[in-house]
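Here the structure comes first, spelled out in structure tokens, and everything after it is commentary.
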Amino acid sequence: MAAVTRCSSQLVRRLLSHQYKRRCFRVQQPRAFLSKLCNARLFHTTSVRLGPIMQFKLSDIGEGIMEVVVKEWYVEEGAKVAQFDSICEVQSDKASVTITSRYDGVIRKLYYAVDETALVGMPLVDIETDTGPEVVQEEDVVETPAMSREEHTHQEIKGHKTQATPAVRRLALENNIKLSEVVGTGKDGRILKEDILNFLAKQTGAILPPSQFLETQTIQKETQQDAPKPDLISKDLTEPLKGFHRAMVKTMSAALMIPHFGLCDEVDISRLVQLRADLKGLSEERGVKLSYMPFFIKAASLGLLHFPVLNASVDEACQNITYKAAHNIGLAMDTRQGLLVPNVKNVQLLSIFDIAKDLNRLQTLGSSGQLGTSDLTGGTFTLSNIGSIGGTYAKPVILPPQVAIGALGKIQILPRFDSNGQLVKAHILNISWSADHRVIDGATMCRFSNLWQQYLENPASMVLDLK
Amino acid sequence: MVLRSARVLQAGPSLGGLPAALQRWVSGPPGGLVLRSLSRDVFQNLALEDWIWDHLVDRDPGGAAGTPRSLLLLWSNSSSVVVGRHQNPWQECDLRLARLRGVPVARRRSGGGTVFHDPGNINLTFFTSRGDHDRQRNLRVVTAALRTLRPGMDVRATDRYDILLDGRYKISGTASRLGRRVAYHHCTLLCSADRGLLSSLLRPTCHGIHSNATPSIPSPVSNLLDHDPSLTSDSILQQLVEQYLAEFGVGPSLVLDVQPSESSFQGLDRSLETLRSWDWTHGKTPPFTVDTTLDLRDTTLDPLDQGETSPSTLVLRDQGSSATVRLEVKAGRLQRCDLRVPPQWLPGASCRELAALLVGSRFCPSEMAAIAAAFLRSGPPDPRLRNLCDNIVALM
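Chains as they are written, first to last, in our numbering: chain A, 1067 to 1533; chain B, 2 to 397.
Structure, rendered in structure tokens:
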């Protein structure tokens, strides 16, 4: 809890001593009013009554409606409510009605479950008020001119009203604060408890813990408050892994059963950068955004034609190897759901423009959360563009039942020496491959990587091998 | 001790961004006000409706002269499906088609049934104080306006607050929301909506749903322009404005075009975010169960689709089986998933594992597909398992 400075401790004492002063109030209900001076109450649990229990009846909805269906409760038994807070939503013949609380207090009983029919004029909830009979009936739910002239606790000066609940007014009174000087941040400019506290904090220069001030029975209130939300900063939070994350646990555990080896290299894609810049406009004229990925994917497919073992699949016992004919190259995507790997099917038959088009489609589906199972399954080789987020070299994990994966780092502009020994600006991309060492050896991976690199460093050579 | 309050109820910080004309109306004497939204985005318009409800209508209840503040909001949306507050979108419309066509599905805050909106449909929201809430009076504004444009047109409001054309075709449906002090009543008006798209979208495709959600009552609909092609949406709009001001206008009136944006309507973005979120549009569905059977089939061997099968697996074309599925969905998330697949078709352990993984995730195809893909990857390739996953995802 925040420290209380010396000057404000006086305020604390004054407020706590409030409970021992009798106040003059209008008694609206003939019920017995339990004394607030009972000390034993401070140590009791929630079963002790603090104030009278008000039966809040479902008031007239209007239009001759006699019954409604309770559709949603916004509170539960034991929850604290303030005046004007929403309690529940009821529905009657296409009209959705929000019922708001007439009192400050604690919900003691809900008379209906969701989907039950509630009758107008019958009790809806029981509220145990903490401010006692001082709470006056607020304007009834149905506002008619006669009722709006009823006594209420709003201060009226020349037709202007300051809205604040009785608890807030008392707080202001205790601290000699003029409500007119406080800026209300609640609905309709209503002044809330927090507004008074902020005002006080500015005055005294102290950060005052709010819970000390609010109600007179402070310790009592703690036991009745809603369960505190987990504070992730100070407390450990344990929750079971569900759904997608649980599935990933199994996938990744299976993946690491594969003996991985890694191979990293750097690729000078300066010429590719130039080529893409040239082709970008043309592609956009056709309605497709062109990134570097289609080139990387196509180059990988051209390489796989020479090294089909990298596009293979082994069974669980690693007894049979299947060389897949289709190059379904997956692209690891970071989406709302987590890591998804949609794949472009049959890259060996597609042009770079076709690949770009398909990537656009997958990216749109991925960002709107609409990827289907056919897009997400059936991949034979994967590229991860982690560099689009960051990173240079990586250690990617193979996605079973595939046998290889590549991770592309970010493109950096670095100084390099060209063939003439001159220092030039080069666009450098780092690539990190991982492969299944049971079926792939280092030499194969390296040769594939060299071929891929060659295609990208000299994009024109792709033209020779395009089918 | 009376606390002196000198706080003047004027355009406070939340109203500071409003157009000047609107600010003057707020702080001036009460008069008739018509707002026309320039936005065609269903979420923005619903958020604007909420904003007006929260900030504009109850500024000065009772008012200096004791007259309530009323206003009319006119709005139209691009193609969208709008379900009622307590409805089940899976039960009301073809969600797959909506996704395919890029038609958003929104949930409004008032009750009632599902409607299809498009630019050929005019939405009217009548804001009044709670005591003045009178749906028949509002609908009379609409019918009177139409009869002024075309005397003798047979438009009548029913007991259920629909407006029928020629006694048969529904051209308007109603829903309302009542709060402590204010109320609104909104209704549609079909002028020239795309009826083909309407009927294909409002056709549910997820069968076997049991729920207590408010069901929609389908009715034959018609466009006003189908009945009388000489009518135009603009002339209808104009007449509605005039009729409203004649009926409700007291004192100086104001007709204003507004663009729902955070700068003009402070706090709009927060409402917008809620209305757009899946947790609101789909997650607010009352709990329901889905009881259905899946038709499982072996996929035929396609030479190019060799993602899953290996040549050693013989596949018979017409072998099939059926599985029963029971799903319990609460707040849009799967609470329970029972998959009963004949053991000779698929091992029970795999099905139970799949079911256990699906529990807790959202009842939406993309999340289910992601989990299914991760699950399929964690074991040996199995086309039947994949077929089962595809079938389950297709349910949504």
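Yeah, the Cβ is synthetic: ideal placement off N, Cα and C, and Gly gets one too. Just so we're clear, the structure is a prediction, and the values are computed from it rather than from any experiment.
Sequence-distant residues of the same chain with beta carbon closer than 7 Å to residue i, five excluded per side
i: Tyr170 (chain B); result: Pro221, Val222, Ser223
i: Pro343 (chain B); result: Ser322
i: Met1132 (chain A); result: Leu1185, Val1186
i: Leu359 (chain B); result: Leu335, Cys338, Met369, Ile372
i: Gly13 (chain B); result: For Gly13 (chain B), the pLDDT reaches just 44, beneath the cut-off of 50, and the residue's location in the model is therefore unreliable, leaving the point undetermined.
i: Val1141 (chain A); result: Val1147, Ile1153, Ile1173
i: Val1339 (chain A); result: His1493
i: Ser1162 (chain A); result: Glu1155
i: Ala1069 (chain A); result: Unreliable placement is indicated for Ala1069 (chain A), whose pLDDT of 46 sits below 50; the coordinate value is still reported in the next sentence. There are no such residues.
i: Thr325 (chain B); result: Thr294, Arg341
DSSP bridge partner residues for residue i (one or two, in chain order)
i: Asn1496 (chain A); result: A:Glu1332
i: Glu1138 (chain A); result: A:Glu1155
i: Val1483 (chain A); result: The displayed chain sequence assigns Phe, not Val, to residue 1483 (chain A). Looking at the DSSP assignment, Phe1483 (chain A) forms a beta bridge with A:Leu1489.
i: Pro1189 (chain A); result: A:Lys1123
i: Trp76 (chain B); result: B:Asn124
i: Gln1436 (chain A); result: Note: Gln1436 (chain A) sits in no beta bridge, so no partner.
i: Ile1050 (chain A); result: Examination of residue 1050 (chain A) is not possible in this model, given that chain A is present from 1067 through 1533 alone.
i: Asp1502 (chain A); result: A:His1326
i: Arg1236 (chain A); result: Answer by DSSP bridge pairing: none, since Arg1236 (chain A) is not bridged.
i: Phe289 (chain B); result: B:Ser212, B:Val330
i: Asp1531 (chain A); result: Looking at the DSSP assignment, Asp1531 (chain A) forms no beta bridge with any residue, so it has no partner.
Residue i: first and last residue of the uninterrupted beta strand (DSSP E) it sits in
i: Ala1398 (chain A); result: 1395-1401
i: Glu274 (chain B); result: From DSSP, Glu274 (chain B) is part of no beta strand (DSSP E) but of the alpha helix (DSSP H) over 269-277.
i: Val43 (chain B); result: Where Val43 (chain B) is concerned, there is no enclosing beta strand (DSSP E), although the alpha helix (DSSP H) it sits in stretches over 43-52.
i: Cys207 (chain B); result: No beta strand (DSSP E) holds Cys207 (chain B); DSSP gives it neither H nor E.
i: Cys404 (chain B); result: Outside the displayed span of chain B (2 to 397) sits residue 404 (chain B), for which this structure offers no information.
i: Ser38 (chain B); result: 34-38
i: Ala99 (chain B); result: Ala99 (chain B) -> not in any beta strand (DSSP E); alpha helix (DSSP H) instead, spanning 96-102.
i: Leu255 (chain B); result: 255-259
Contact set for residue i: own chain, Cβ-Cβ below 8 Å, skip 5 residues either direction
i: Thr1458 (chain A); result: Gly1475, Lys1476, Gln1478, Asn1496
i: Arg148 (chain B); result: Met154, Val156
i: Leu1345 (chain A); result: Leu1356
i: His208 (chain B); result: Thr293
i: Leu1530 (chain A); result: none
i: Leu140 (chain B); result: Ala158, Tyr162, Ile164, Ser173, Thr175, Cys188
i: Ala99 (chain B); result: Val82, Pro105, Val106, Leu202
i: Phe1310 (chain A); result: Gln1403, Gly1404
i: Leu1428 (chain A); result: Leu1397, Met1399, Pro1408, Val1410, Leu1437, Asp1441
Run of the alpha helix (DSSP H) containing residue i, from where it starts to where it stops
i: Tyr247 (chain B); result: Residue 247 (chain B) is actually Ala in this sequence, not Tyr. Where Ala247 (chain B) is concerned, the enclosing alpha helix (DSSP H) stretches over 234-249.
i: Gly349 (chain B); result: 349-359
i: Tyr1521 (chain A); result: 1508-1523
i: Gly321 (chain B); result: That residue, Gly321 (chain B), is in no alpha helix (DSSP H); its beta strand (DSSP E) goes 321-331.
i: Gln1370 (chain A); result: In the sequence on display, residue 1370 (chain A) carries Leu and not Gln. Start and end: 1359-1372.
i: Phe376 (chain B); result: 366-378
i: Ala1383 (chain A); result: No alpha helix (DSSP H) holds Ala1383 (chain A); DSSP gives it neither H nor E.
i: Phe1310 (chain A); result: 1309-1321
Contacting residues, own chain, Cβ-Cβ under 6 Å from residue i (five flanking each side not counted)
i: Val1463 (chain A); result: Ala1321
i: His1503 (chain A); result: Pro1325, Phe1327
i: Arg204 (chain B); result: Asp95
i: Asn1451 (chain A); result: Leu1474
i: Leu241 (chain B); result: Ala146
i: Asn392 (chain B); result: Leu295
i: Glu50 (chain B); result: Thr126
i: Asn213 (chain B); result: Pro287
i: Leu1341 (chain A); result: Pro1525
i: Glu320 (chain B); result: The question names Glu, but residue 320 (chain B) in the sequence shown is Gln. Counting only Cβ-Cβ distances below 6 Å, and skipping sequence neighbours, we find Asp299.
Nearest-angstrom Cβ-Cβ length linking residue i and residue j, presumed shorter than 8 Å
i: Leu191 (chain B); j: Val143 (chain B); result: So it is not a contact: roughly 12 Å between Cβ atoms.
i: Val1380 (chain A); j: Pro1467 (chain A); result: 7 Å
i: Leu226 (chain B); j: Trp52 (chain B); result: Actually they are not in contact, since the Cβ atoms of Leu226 (chain B) and Trp52 (chain B) sit about 31 Å apart, beyond 8 Å.
i: Leu377 (chain B); j: Cys365 (chain B); result: That pair is no contact at about 18 Å.
i: Gly1456 (chain A); j: Trp1499 (chain A); result: Incorrect: roughly 19 Å between the Cβ atoms, too far for contact.
i: Arg37 (chain B); j: Asp258 (chain B); result: 5 Å
i: His87 (chain B); j: Gln1157 (chain A); result: 6 Å
Within chain D, partners of residue i - CB distance below 7 Å
i: Asn213 (chain B); result: Protein chains in the displayed structure are A and B, and chain D is not among them.
*asked:* So within the segment 117-192 of chain B, which uninterrupted beta strand (DSSP E) runs reach at least 3 residues, ignoring any that extend past its ends?
replied: Within the segment 117-192 of chain B, the complete beta strand (DSSP E) runs of at least 3 residues are 122-130, 156-158, 164-166, 170-173, 175-179, 183-191.
*Sequence ranges, beta strand (DSSP E) only - wholly within the segment 1157-1183 of chain A, length at least 3*: Within the segment 1157-1183 of chain A, the complete beta strand (DSSP E) runs of at least 3 residues are 1161-1166, 1171-1176.
*Just list the beta strand (DSSP E) runs in the segment 1410-1480 of chain A, keeping only unbroken ones of 3 residues or longer that don't cross its boundaries, in chain order.*
DSSP runs (the beta strand (DSSP E)) wholly in the segment 1410-1480 of chain A: 1447-1450.
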